[in-house]
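Scroll down for the structure; my scribbles are underneath it.
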Amino acid sequence: MKTWQVLIDYIREENPCAYTVLHVITYFNNQNIPFELIKATVRSKGRQEDNKDEQDDNVDAESNESEDDDDVVEAATRLNELSFLRLRNSKSGPRSYEMHKLVQEATRYALRKKDSERFSKSALEIMLGGIPTRFGAWQISRRRTTSKVNRLKPKNSSN
Numbered sequence: 018m019k020t021w022q023v024l025i026d027y028i029r030e031e032n033p034c035a036y037t038v039l040h041v042i043t044y045f046n047n048q049n050i051p052f053e054l055i056k057a058t059v060r061s062k063g064r065q066e067d068n069k070d071e072q073d074d075n076v077d078a079e080s081n082e083s084e085d086d087d088d089v090v091e092a093a094t095r096l097n098e099l100s101f102l103r104l105r106n107s108k109s110g111p112r113s114y115e116m117h118k119l120v121q122e123a124t125r126y127a128l129r130k131k132d133s134e135r136f137s138k139s140a141l142e143i144m145l146g147g148i149p150t151r152f153g154a155w156q157i158s159r160r161r162t163t164s165k166v167n168r169l170k171p172k173n174s175s176n
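Heads up, the sequence shown is in our numbering, so the first residue is 18 and it goes up one at a time.
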C-alpha cells in the first residue's frame, strides 16, 4: 500500500485533475469506463470549484469547455502512462478504459473518510446527471449507467 500511496501523492501534486478522476471513477465499474464518464468527472470537479468561487462569473463558457476537454485528455493520458488506467482496444464505438481491480481497491482503501465521502458523492451526482432527457441519448446513457450501477452495488449483495 505504501508504494501505491507514494504514486497517488505524486499524481495529486503533478496533476490534480487526474487525481480527482482517479478517485471518482473508483466508485464505478472498473471495466469499460467510457471516455464520457471521465469527461463528466472533470466537469463535475469544475462545477464544484465554481460553486466555491462564485466571484468569477465573467468566465466564457466556451473557453471553459475547451479547457475541460484539454484537462480530460491530459488526465486520462497521465493515468494511462502511470498504469492506473488502460485504454481498451475498440475497433468500433467510443473510446473506453479499464482499471485493474487491485488499483481500484487500493485507491479507495487509501482514502480518508472525508475524501471518500466527497468522491463518492461526486460519483453519485455524475450518475444522476447522466439520466437522459431525450430519446437519442439513451444509447450512451445505457452504457454509462450499466457501468455505474454495477460498481455502486453493495459488496455483500448477491444480485
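From the three backbone atoms N, C-alpha and C, an ideal C-beta is built for every residue, glycine too.
| Query | Result |
| --- | --- |
| Could you pull the start and end residues of the alpha helix (DSSP H) that Y126 belongs to? | 118-126 |
| Starting from the C-beta of A140, find all residues in its chain whose C-beta is less than 6 Å away, skip the five residues before and the five after it, and write them out in chain order. | V41, Y44 |
| Only counting the same chain, and skipping five residues up and downstream in sequence, which positions put a Cβ closer than 6 Å to that of Q48? | E115 |
| I need the straight-line Cα distance from L104 to R29, nearest angstrom please. | 21 Å |
| Does the beta-carbon of P33 have 16 or more other beta-carbons within 10 angstroms, so that it is buried, or is it exposed? | exposed |
| Just to confirm my understanding: we take N97, look at its own chain, exclude 5 residues before and 5 after, and list those with CB closer than 7 Å. What are they? | R103, L104 |
| Rounded to a whole number of angstroms, what is the C-alpha to C-alpha distance between R112 and R125? | 24 Å |
| What are the boundary residues of the alpha helix (DSSP H) that Y36 is part of? | 33-42 |
| In three-state DSSP terms, what is R112? | coil |
| How would you call A27, buried or exposed, if buried means at least 16 neighbouring beta carbons within 10 angstroms? | Before going on, a small fix: residue 27 reads as Tyr here, not Ala. Classification of Y27: exposed, given that the 10 Å Cβ count is below 16. |
| Since I50 sits in a beta bridge, which residues does DSSP pair it with? | Y114 |
| If the criterion is Cβ atoms closer than 8 Å, does the pair V120 and F136 meet it? | no |
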